[in-house]
Amino acid sequence: PAPGGPRRGALVVFEGIDRCGKSTQCSLLLESLQRRGVRAELWRFPDRTTPIGGLINEYLQKKAALDDAVIHLLFVANRNEKREEMLRLLAGGTTLVLDRYSYSGVAYTAAKGVPHLDAGFCRAAETGLPAADLVVYLDLDPEQSAARGGFGSERYEKVEFQKKVRSQYGALADGRWLRLDASQPAEQLQAQVAAAVQRAVERAAAGEPLGRLWD
Ligand code: NYM
Ligand code: MG
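So this is what it looks like as structure tokens:
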């Protein structure tokens with residue numbers, strides 16, 4: 042970092058199929074970071090509070106039908122409308138914990154199997170956004186996630202589709218992802234998450250530059 046300048050925050054992303062436990066782990070992580078005095082914020086994508094997020098919400102709740110390319114690009118736009126604020130917070134030293142990000146964008150759209158919306162197209166649409174310093178991938182068998190409460194009300198929450206999403210995540214994951222077996226108890230998962238996040242926060246603070254998708 043510049044001498045005397047702020048130490049940048051880390052970009053930590055949680056990914057996984059629906060009902061794998063991301064939101065629980067994100068909240069536990071935020072509490073543990075704040076307890077340790079690390080300045081941090083928790084965001085989720087899609088951000089349903091913006092006008093674009095409102096359209097996405099209607100699509101997910103099956104109140105609106107949209108072309109697959111259009112909904113895909115709305116998810117991309119929803120990340121880009123938060124891009125500058127993300128970069129500003131990170132540069133100012135805030136660690137950002139994201140409940141889903143570009144990796145969801147690729148995995149869910151590519152899982153549809155639409156020929157002109159393959160993983161290559163999806164990845165290309167994300168370039169220009171910052172890459173995660175750490176991706177925490179909570180891997181779970183869709184039969185198990187389906188048995189958890191709340192599953193089944195939104196678009197995409199079907200076991201057969203979730204299996205395809207899981208295989209897309211498998212193709213997307215590189216050696217730097219922290220892949221955890223999400224069937225473990227939440228506290229056990231959190232201990233592994235916290236250790237990896239601490240290392241990511243330290244690397245960011247030491248001046249490791251923020252990457253760009255898909256470097
Ligand atoms: N989703 C999420 C996508 O299809 N593309 C994306 O880019 C993102 C960020 O939206 N089923 C899907 C995954 C989920 C749904 O997310 C909403 P959540 O975390 O269930 O609110
Ligand atoms: Mg969901």
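Residue numbers (the UniProt record's numbering): 42 to 256. For every residue, glycine included, the Cβ atom is placed at its ideal position computed from N, Cα and C. Just so it is clear, the structure is predicted and the values come from calculations on it, not from any experiment.
Annotated three-state conformation of Phe55 is strand, per DSSP.
Excluding the 5 residues flanking it on each side, Thr65 has same chain C-beta neighbours closer than 6 Å at Ala227, in chain order. Judged by beta-carbon spacing, Leu52 lies within the 7 Å limit of Pro171, meaning their Cβ atoms are closer than that value. CA-CA distance, Leu101 to Gln239, rounds to 34 Å.
Among the bridge pairs identified by DSSP, Thr136 is matched with Ala81. With contacts defined as CB atoms closer than 7 Å, Val206 and Ile58 qualify as a contacting pair. Contact annotation: Leu213 and Leu221 have beta-carbon atoms that are not nearer than 7 Å. A heavy atom of the ligand MG is found nearer than 6 Å to the CB of Asp59. For Tyr100, the shortest separation between its Cβ and any heavy atom of the ligand NYM does not lie below 6 Å. For Arg164, the distance from the CB to the nearest heavy atom of the ligand NYM is not below 6 Å. Taking a cut-off of 8 Å on C-beta distances, the region 83-95 touches the region 112-126, as three or more cross pairs fall below it.
Counting every other CB atom within 10 Å of its CB across the protein chains shown gives Glu167 a total of 16 or more, marking it as buried.
Note on geometry: alpha-carbon atoms of Leu128 and Gly134 lie some 10 Å from one another. The beta-bridge partner set that DSSP reports for Thr168 consists of Leu170. In the DSSP assignment, Arg240 falls within the unbroken alpha helix (DSSP H) covering 227-246. Remark: C-beta atoms of Leu181 and Ala237 do not approach each other more closely than 7 Å.
Comparing alpha carbon positions, the residue from Leu74, Leu131, Phe202, Leu254 closest to Asp215 is Leu254.
For Arg207, the enclosing alpha helix (DSSP H) stretches over residues 200-213. Taking the Cβ of Gly146 as the reference point, at least one heavy atom of the ligand NYM falls within a distance shorter than 6 Å.
CA-to-CA, the gap between Gln185 and Glu126 works out to about 36 Å.
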